[in-house]
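As C-alpha cells, the structure follows; a few thoughts come after it.
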C-alpha cells in the first residue's frame, strides 16, 4: 500500500542524504520526495511517498525515527489527511488544440501560467491521481515537459505535526 | 575564560572526557591535532601501523570496558582505511568515536590532495556523524559524539574535522560541556510496564521456556540482573555469540550459544520451546536459520532498546522497547514471590534438554593421539585450561572463531571479543592490543588462523613499540578453514582459493620483531608450549599450532532449515 510519511528534521547539511540513503541502503522504495524548511528555520519538513506492506512500513518509520536528525514523523495515511502536489506541464498548443488545452485546463482547475505562439505552460495542483488524470488528458495533444514537486501533505482536523 | 585553538580544544576535551588511550595514525590534515596531543601527556596516543588496526584496537577496548573507544586518523586514505573497523563496530553496536582529519574547508569538493567525503562514505555504517564547521563548536560536537556513541543502542560516530578548524592561530573560548541535550535524540529509559507484565505472565505460565539473550545484555550492563532472573525462574538460557558470558557458561542452566554453529541442545531447545524470551538479541540470520521455520511452537517476547530490531525478522508476540537492565529489573520484581504455574512441565522440559545434552556428550570431536597433529578443538580447551577460563579472548573470523566460542568457557561478560555481525578477518590481533593496553594484568589471547592473522600482522610492530604482551594462538591448518568447509559441503571439495600456498615461516617472522614464537606440530608439544607461552604475562608469544586441516565445525545448521536441522558431523545429521 502507498504511504505518505511526513518528517520534521534538523535543517542541517547532510540530513537529507541520511534519509535518502536509508531508503537505498535498506532496499525501500521512494516514489516521491519533497523537502523545504518550515516556519522555524532550524527545521525542514520532508514528505516521502513509499509503497510497502505493513511490516515494511513499520520498519521504515522505525528506521527513520532512529536517524539522529529526524525529530518527529507521522504516517499521514494512517488518518484523514490532505494530499497535494503541484505540477507544471508544457503542452503543444497549435490550431484547434489551443482551445482544447484551455478547456481541459479549466475543467481541472489548472492555470495557464505561460504562453508562446506554439505552447502553453499549465500549472495544476491536486492529489497525485488528479495530476495523473490531467497528464492522460493532455497526452493526445502532445506533452513536451513535466515538472512535478512530489507529494506534500498535512493531517486534517486538529492534529498537528510540530515540536 | 580560556582561549584555545581547535586542536588544543580536541586534546583538552579528550582529557576532560577521561579518554586514556587514543589509537591513530598521523597525516597532513590531522597534524595540528597531533601537535596538540604532543604538547600534553594525559591522553596517550598509540601509533598503529594501519588505520584499520586503530579502529579494531579502540573497538576491542570498548568491548572489554564498556566505554567508548577513540580513534584519530587523517583525511582521505587514513579515513578510508578506518572504514572496515567502523563497520565492524556498527554491526556489533560498539561505542566508538572516530576523529578524521579533513582537507581545509575551502578545498572541500575540489578533489584536493587526500580528500575523501568520509561522511558520505561512512553514512550507512555510523550511528551518526558530524562535520565541524567552526572551531568554536568543537567542544559541543565532541560531547555529542561521545554521548551518541555510548547511549541508547551504542555505535560508532565519525567527526570530520577540516584542517583549518584546528589552526593554532585561531583561538576560541573553551568550556567542557558536562551535558548535552538533543531534541531529536531521546533514547528510552524504561520499558512499557503493561508489556513487561504481559511478558512475565507468559513466563510464569510457560511449560517449555528458554531465554535467548544477546550482546544488548552485555552492552546494557544487565548481566547480573539477567543471571538473577534466570536463576529465580530456573529456566534454560542460550546466548548469541555476542552474548557469550552474560550468564555463566559453567552453570547448568546455560545451554551454550545458539545458531549456525551453536550447541545441539540450544538449537533443539529453541525449536521445541513454547516461550522464547529474547533480550538484547536481534534474530540475526546466523541465529534463526529459516525464519519461516523458526521456533514453530513458541510465543516470542522480545526486549530491545532499538525499536527497529523488534519484529524486524521475526514477529514478536510481546514487544518491549527498553534498556535490558531496567526491563530485567522490573521483571525480577514482578517474578519475586510468585510460583511458576507448571513446575512439573518445567521438570519434564529439563529432562528433555538433559537428554539432548547426553546425546552429544563425548561425541563432539575425536581427540588426537600422541604423535598426531592436534585437533583445533583440543587446542582451545587447553588454552582455556591454562588461563583458567579467565582470559580476554579475541578472535578473527572462520573456523577458529567458532572453535574458540565452542570450547573456551566464559563465566564473565566482556571477555569473548569477536566480530560477530560483520565477520571481519583481521579483527582479533589489534583488538587484543587495545584490550591489553588497558588491562595489562590480564591474560589477553588472540585466537586466530594463518589467513586472518596475515591481514593485520603489521601490528607486531606496534606491539614492539609499546611492549604489548598479548598471546597469539595461530591455529594453522594451511587453508581458509571455513571457506574450505563450505567448499567440502557445497562444492564437491573444489577448494577454490581456500588454501594458502607460500605461508611465511611464522617463527622467523615473529622473531624478526624480537618476539618469541613456538611451533607446535604434534599432540605432545602443546602443553609445554602453552606453559612457556603463558609464563610471562607481559611477553608477546606467538604459538604456531599445526592443526588437522580436515576438521569441520559442527554442529552446523542445514541451510534453509529450522533451528533443529543440523549436521552433527561429516556423517550424521538430525
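Chains as they are written, first to last, in the UniProt record's numbering: chain A, 1 to 163; chain B, 1 to 574. Ideal Cβ placement from N, Cα and C applies to all residues, glycine included.
- Here residue 297 of chain B is not near residue 262 of chain B, since their CB atoms are 9 Å or more apart.
- Residue pairing by DSSP places residue 209 of chain B opposite B:275 in a beta bridge.
- Along the segment 97 to 113 of chain A, none of the residues has a CB nearer than 9 Å to a CB of chain B.
- As a beta-bridge residue in DSSP terms, residue 474 of chain B pairs with B:448 and B:544.
- Contact between the segment 253 to 269 of chain B and the segment 227 to 243 of chain B is present: 3 or more CB-CB pairs across the two stretches fall below 8 Å.
- For residue 17 of chain A, no beta strand (DSSP E) encloses it; the enclosing alpha helix (DSSP H) starts and ends at 15 to 25.
- Excluding sequence positions up to five before and after residue 374 of chain B, its CB lies within less than 8 Å of the CB of 368, 520, 522, 523, 526, 545, 546, 547 and 548, all in the same chain and listed in chain order.
- Secondary structure note for residue 77 of chain B: its alpha helix (DSSP H) is the uninterrupted segment 77 to 81.
- In this structure, the CA atom of residue 165 of chain B is about 18 Å from the CA atom of residue 39 of chain B.
- For residue 10 of chain A, the neighbours in chain B by C-beta distance under 8 Å run, in chain order, 184.
- Taking a contact to require three or more Cβ pairs closer than 8 Å, the segment 481 to 490 of chain B and the segment 424 to 431 of chain B do not qualify as touching.
- Closest option to residue 228 of chain B, judged by alpha-carbon separation, among B:265, B:292, B:215 and B:329: B:329.
- Here residue 303 of chain B is not near residue 405 of chain B, since their CB atoms are 9 Å or more apart.
- Residues of the same chain with a CB within less than 8 Å of the CB of residue 56 of chain A, apart from the 5 flanking positions on each side, are 28 in chain order.
- In terms of beta-carbon proximity, residue 71 of chain A lines the interface with chain B, with at least one pair separated by less than 9 Å.
- Residue range 460 to 466 is occupied by the alpha helix (DSSP H) that includes residue 461 of chain B, with no beta strand (DSSP E) assigned at that position.
- Around the beta carbon of residue 403 of chain B, a 10 Å sphere encloses 16 or more other beta carbons of the protein chains shown; the residue is thus reported as buried.
- Excluding the 5 residues flanking it on each side, residue 172 of chain B has same chain C-beta neighbours closer than 6 Å at 135 and 136, in chain order.
- Interface with chain B (9 Å Cβ-Cβ cutoff): residue 123 of chain A is excluded.
- Chain B places a beta carbon closer than 9 Å to that of residue 13 of chain A, counting this residue as a contact.
- Rounded to the nearest whole angstrom, the C-alpha separation of residue 313 of chain B and residue 424 of chain B is 23 Å.
- Judged by beta-carbon spacing, residue 421 of chain B lies beyond the 9 Å limit of residue 456 of chain B, meaning their Cβ atoms are not closer than that value.
- Taking a 10 Å sphere around the C-beta of residue 78 of chain B, we find 16 or more other C-beta atoms and assign the residue as buried.
- As computed with DSSP, residue 559 of chain B is found in no beta bridge at all.
- Pairing residue 159 of chain B with residue 184 of chain B gives a Cβ-Cβ distance that is not under 9 Å.
- For residue 118 of chain B, none of the residues of chain A pass the 7 Å Cβ criterion, the least Cβ distance being about 12 Å.
- The closest CA to that of residue 151 of chain A, considering only A:114, A:53, A:35 and A:69, is found on A:35.
- With respect to the C-alpha of residue 379 of chain B, the residue from B:566, B:531 and B:335 having the closest C-alpha is B:531.
- Of the candidates B:308, B:1, B:514 and B:454, the residue whose Cα lies closest to the Cα of residue 501 of chain B is B:454.
- Collapsing the DSSP output to three states places residue 9 of chain A in a strand.
- DSSP places residue 148 of chain A in the uninterrupted beta strand (DSSP E) bounded by 143 to 148.
- Per DSSP, residue 86 of chain A is not a residue of any alpha helix (DSSP H); the beta strand (DSSP E) it occupies stretches across 81 to 92.
- Counting along the chain, residue 121 of chain B sits inside the alpha helix (DSSP H) bounded by residues 118 to 122.
- With respect to the C-alpha of residue 400 of chain B, the residue from B:372, B:48, B:339 and B:472 having the closest C-alpha is B:472.
- Residue 148 of chain B reaches chain A at 68, counting residues in chain order whose Cβ is nearer than 9 Å.
- Looking at the backbone, the Cα of residue 167 of chain B and that of residue 85 of chain B are separated by about 28 Å.
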